[in-house]
Amino acid sequence: MTVEVAPIGWTKGPGENPQDFLFISPDTQRVLKIGEFVSFKTIVGSEGREILSRIIDRQPLRQFPDSFSSNPEVAPGQIAHLIGYGEGDHEIFQLTASVIGYFDEQIKAFVNPRIAPREGSSIYFVSDLILAKRLNKKGKGEKGSAHIGSLLSRDIDQVPSVLDVAAIASTHMAIIASTGAGKSYLAGVLIEELMSPYNRAAVLIVDPHGEYDTLAEMANIDHFQADRYRPDVKIFRPGDVKVKVGALETSDLYYLLPNLSDRMVYLLGKAYREVRKEAKEQKGEPDRWTRAELEAKLIQLGEGEEDEEGNTKSDFASTAQALTWRLESVLKNSILFDDQEHLKLIELCKPGQCSVLQLNEVDEREQQVMVATLLRRLLKARTETQKNKVEKGNDLYLPYPVFVLIEEAHRFAPASADIVTTGILKTILAEGRKFGVGVGLISQRPGKLDGDVLSQCNTQFIMRIVNPADQARVAESVETVGRDLIRELPALTKGQVIIAGEAVNTPMLARVRSRYTPHGGITKDAPEEWIGYFDEIEEDKRERDAALPVMPVRKKGEFFK
Amino acid sequence: MKLGKIVKSNSHIDYICQIYNPTDVPEPPTNENYAFGTFVAMPLNNNRRLVGVIYDTVLFNPEFGRMGPRLSPESDLAIFSPDYLSEKAVLTGVLTIGMIETDGQVFQGVPRLAATTNAEVETIGLNEIRGFHQGNPSVNLAYAPLLLSHPSPLAAHLLQKIVKNLAENIFPEHNKVLSVLLNDLVWKSQVMPLGGVR
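Chains A and B, in that order, give the protein sequences. Residue numbers are given in our numbering: position 19 of the first sequence equals residue 1211, and the series is strictly consecutive. Residue numbers are given in our numbering: position 191 of the second sequence equals residue 261, and the series is strictly consecutive.
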């Protein structure tokens, strides 16, 4: 590794932790920010190596006495000058740096030499070019790359932050940030990169707020087009996506019909098993039962079997009635569940297509059941296709990897309870890598997100988090991010992100790049809308709408005309 | 005005000046002339001058401690023991705080040259004090840490007196800057000894 020649400081000694060391620098150019990268030279084995390190702390060593600042109109430097200190910039800094290691070209990773630099070793500022090569696994615009932004400690766009899409798509990722920190914006940037000609991904977005429809603009922007390629963004609005009732499992039904008694659970389970058995015998597939069939089965079980004298005797009649009533109210009136219709996976997931499932008008429980069903089908399809168990034309035929981005992930894997989606999410996070199902979770409340689920996302984008509970969850679940970076969380501003994990060589602080497409998740400007209420045109319109219809004036004798 | 001459030194910068008495000069200085905090100069060769400040005054009186009465009455002493009268002396401590070079260049801090025995100590005028302290852009008090490091219990008060004098009489235009320093010194020498916290 080659670095700029002039040293910027000297090592002082070891730091608090074994991998940390201290160095002293006047930092006259003010470049040694927290998160910045520096290097020192050492011999590892018999080879000379440049060891990359990250600055994690910065302390001034010389400070004027507090009393020098007692008059706001007189600068402390003036007092220092008065008593003879006129030697220019007085500041020197003690900086703590954490050793990352030298980059091993063979294994394409950093190797920690596990030895602190000698006291008095020169410390160098690492050049933009070298840093871009070492931090990122991919080059900007390279096949399988995602250009997310640039390194925060350097000037804008000087050191691009480029991620490895293969790592994201196979080992999953999470975007965690408080409201307003820019997580949807970052997700938009990531989708743009996934849909670029150098990735052409098959992406499915679960969008409970309807924020991602602006991505459709991609089709009209040159950046996303290449010969014979143009990304296709399909927005599935509530009602467009149907879940076949037959695809529901007992756990889904129990979840959709809350507060079931033990008797109801027993009866529903029994009816479910029998109706599936009959569907398999009569229609060839156990999933091809309908709501009406399940209800009929419940009634039948509720009535009980006839005895020799033709009488029926059962204690379940009222239970069956209650269950059918509940099934009707949930499944029959839902825009989501249908007896026959089922959105085909092949329509939902194909390379170069970004499908946005807008669930903003769907009940939360229904959203969860739908996502659980969808994820189950996706994993099954990928597993069976990969094992050659299904062929082209089959509902479950899905011959390419899929990346699923889930907004408001804490709804689908809450920390407090195991819900219908938790199990399948955990399965995909653990096994999805083998079958090509990648998951991206976005959440504003990591404290409410299941810890196991979060820790399985091997690439993390962490933006500003102020809540201490959320910070603690991030610290315990995200091992790759050091404590020094966690400390930075409350200080990050909008659009600044800590990127860590599989998709980069070492954790970094970055600023998110501008999007090509407009941002959909914009916070409402309430005062603007309130003021707009008194707009002349608006007021006229309201008056017109509220006015009573005027009866035509009739002359005498015209009543029966 | 000539105040006296150097009779002894305690260190490179700490001198004792014996103030002229009526037997030395026709018009000896009064205690107003060698007050605490007075700026003085001591000539060196080649027109160089050491600049100092009076930091202490000690009265020397050989009669002190003599228990018996003298045989000669006080009025006859001038005739019978003139040496006795000249043995009474006023001694002042002078700390050198800088030097003015041959070409007029001012240096503040520990001067590289020392004064000689019998070197004359004289007061310096307001203009010269101003010139010695003129800094860029305001006042130069580079000898302040040197004064404070002196072991005398009066050192802090001395600097306080100097800064106050400079702020009020010599550099009123830089009063704001000097006041910050003065305020700090007053706090440390007046309030902190009585329990004021940092």
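For each residue, glycine too, the CB sits at the ideal point set by N, CA and C.
On the premise that A1692/A lies in contact with P1682/A, defined as a C-beta separation below 8 Å, what is that separation, rounded to the nearest angstrom? With a Cβ gap of about 17 Å, P1682/A and A1692/A do not count as contacting.
Is the distance from the Cβ of G1630/A to the Cβ of A1361/A below 8 Å? yes
Which residues of chain A have a Cβ atom closer than 8 Å to the Cβ of V247/B, listed in chain order? V1266, Q1270, I1271, L1274
CB-CB under 7 Å to A1512/A, same chain, minus the five flanking residues each way: which ones, in chain order? L1459, L1490, I1491, L1493, G1494
Residue burial classification, Q204/B (beta-carbon count within 10 angstroms, cutoff 16): exposed
Which stretch, first to last residue, makes up the alpha helix (DSSP H) that contains D1737/A? 1728-1738
CB contact check: V250/B to chain A, cutoff 8 Å: yes
Does the distance from the C-beta atom of A1767/A to that of L1590/A stay below 8 Å? Past the boundaries of the shown model lies residue 1767/A; chain A is included only from 1193 to 1753, so the question cannot be answered.
Given a threshold of 16 other Cβ atoms within 10 Å of its Cβ, counted over all protein chains shown, does F1160/A qualify as buried or as exposed? This structure gives no information on residue 1160/A, because the portion of chain A shown stretches from 1193 to 1753.
When DSSP labels each residue in this structure, what does N1391/A get in the three-state scheme? For N1391/A, the secondary structure class from DSSP, reduced to helix, strand or coil, is coil.
Amino acids of chain B, ordered along the chain, whose beta-carbon sits closer than 9 Å to that of F1260/A: V250, L251, D254
At a CB-CB cut-off below 8 Å, which residues of chain A make contact with L211/B? For L211/B, the chain A residues whose C-beta falls within less than 8 Å of its own C-beta are L1274, I1275, G1276, listed in chain order.
Give the secondary structure of K1225/A by DSSP, where H, G and I count as helix, E and B as strand, and everything else as coil. coil
Pick from S81/B, L114/B, N103/B, P92/B that is closest to L73/B, judged by C-alpha positions: N103/B
Beta carbon of A226/B nearer than 8 Å to that of S259/B: Yes.
Quick one: is T1614/A buried, meaning 16 or more other Cβ sit within 10 Å of its Cβ, or exposed? buried
When the cut-off is 8 Å and only beta carbons count, does P263/B lie next to chain A? no
Give the DSSP-derived three-state secondary structure of I1383/A in the structure shown. helix
Determine the contact status of I76/B and A185/B, defining contact as a CB-CB distance below 8 Å. Yes, Cβ-Cβ distance for I76/B and A185/B is below 8 Å.
So, for V1670/A: in the same chain, excluding its five sequence neighbours on each side, which residues have a beta-carbon less than 6 Å away from its beta-carbon? Q1652
Exposure of Q1532/A, with buried meaning 16 or more beta-carbon neighbours within 10 Å: exposed
S1510/A: first and last residue of the uninterrupted alpha helix (DSSP H) it sits in: 1509-1519
Does the beta-carbon of R1656/A have 16 or more other beta-carbons within 10 angstroms, so that it is buried, or is it exposed? It counts as buried.
Residues of chain A with a CB under 9 Å from the CB of S259/B: which are they? Within chain A, no residue comes near S259/B; the closest Cβ sits about 13 Å away, beyond 9 Å.
Which of the three DSSP states is assigned to Y1464/A in this structure? Secondary structure at Y1464/A: helix, using DSSP grouped into helix, strand and coil.
Could you check what DSSP says for M112/B in three-state terms: helix, strand or coil? strand
Report the neighbours of S208/B on chain A: residues whose CB is nearer than 9 Å to its CB, in chain order. In chain order: Q1270, H1273, L1274.
What are the boundary residues of the beta strand (DSSP E) that includes Q1560/A? Annotation: Q1560/A is outside any beta strand (DSSP E); the continuous alpha helix (DSSP H) that includes it extends over 1556-1578.
Does any residue of chain A have a CB that is nearer than 8 Å to the CB of Q178/B? yes
Who pairs with M1700/A in a beta bridge, going by DSSP? I1691/A
Quickly, what does DSSP pair V1433/A with across the bridge? List them, please. Answer is none; V1433/A lacks a bridge partner.
Measure the beta-carbon distance from A212/B to G179/B and round it to whole angstroms, keeping in mind my assumption that it falls under 8 Å. The Cβ separation is near 6 Å, so the contact holds.
Evaluate contact between the stretch 1290-1298 of chain A and the stretch 1236-1249 of chain A, counting only Cβ atoms and requiring at least three cross-stretch pairs below 8 Å. yes
Looking at the structure shown, is D1414/A part of a helix, part of a strand, or coil, going by DSSP? Under the three-state reduction of DSSP output, D1414/A falls in the helix class.
Do G1632/A and R1665/A have their C-beta atoms within less than 8 Å of each other? no
With which residues is I1678/A paired in a DSSP beta bridge? DSSP output for I1678/A lists no bridge partner at all.
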